[in-house]
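Student: Each residue of the sequence shown is one higher than the one before, counting from 37 in this note's numbering.
My questions all concern the structure below.
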Amino acid sequence: MKIEYTEELPTAAEYKDLFDTTGWNQGYRASTDDLCKALRLSWYILCAYDSGRLVGFGRVVSDGVLYAMIYDLIVTPSHQGKGIGSKILHRIIDRCQEACIREVQLFSATGRSEFYQKRGFEVRAPDAPGMRLRKK
Numbered sequence: 037m038k039i040e041y042t043e044e045l046p047t048a049a050e051y052k053d054l055f056d057t058t059g060w061n062q063g064y065r066a067s068t069d070d071l072c073k074a075l076r077l078s079w080y081i082l083c084a085y086d087s088g089r090l091v092g093f094g095r096v097v098s099d100g101v102l103y104a105m106i107y108d109l110i111v112t113p114s115h116q117g118k119g120i121g122s123k124i125l126h127r128i129i130d131r132c133q134e135a136c137i138r139e140v141q142l143f144s145a146t147g148r149s150e151f152y153q154k155r156g157f158e159v160r161a162p163d164a165p166g167m168r169l170r171k172k
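So this is what it looks like as structure tokens:
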């Protein structure tokens, strides 16, 4: 297995196929067009390919100065546990540090917080929880 990493946008179909492996779209109900627009508006993206197939992906939304938010760090189930997610996260953090961004944040998927904690991320204090407002 030789994984190739690129900062080029994946095709909408590639990304939708990978995104759908997470189960997140049951709540989002994002169309291929929605996902494509989200990709184009991202500050930074990194794709991982195995033999031409998109198997990993990470993206950042940022103001480019103060804050960066990691979204959609995804590795297809067949490729999890092989260091792909770690490599993507490391490259994302490097890119944010190169830009001198002061704080990198993320929302961890259920059961995945330990992955991020092992790589230096801290759980927010109970009196400073992350919040969201979702479109209905």
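We treat Cβ as the ideally placed atom computed from N, Cα and C, and that holds for glycine.
#1: In this structure, does DSSP put S149 in helix, strand or coil?
#2: Starting from the C-beta of C132, find all residues in its chain whose C-beta is less than 6 Å away, skip the five residues before and the five after it, and write them out in chain order.
#3: Our contact map puts L142 next to I106 with C-beta atoms below 8 Å; I'd like the distance itself, whole angstroms only.
#4: Can you grab the Cα-Cα spacing for the pair W79 / F157, in whole Å?
#5: Whole angstroms is fine: what's the gap from D70's alpha carbon to T47's?
#6: For C83, is the classification buried or exposed, using 16 other Cβ atoms within 10 angstroms of its Cβ as the cut-off for buried?
Tutor: Concretely, from the data shown:
#1: helix
#2: A104, V140
#3: 4 Å
#4: 20 Å
#5: 13 Å
#6: buried
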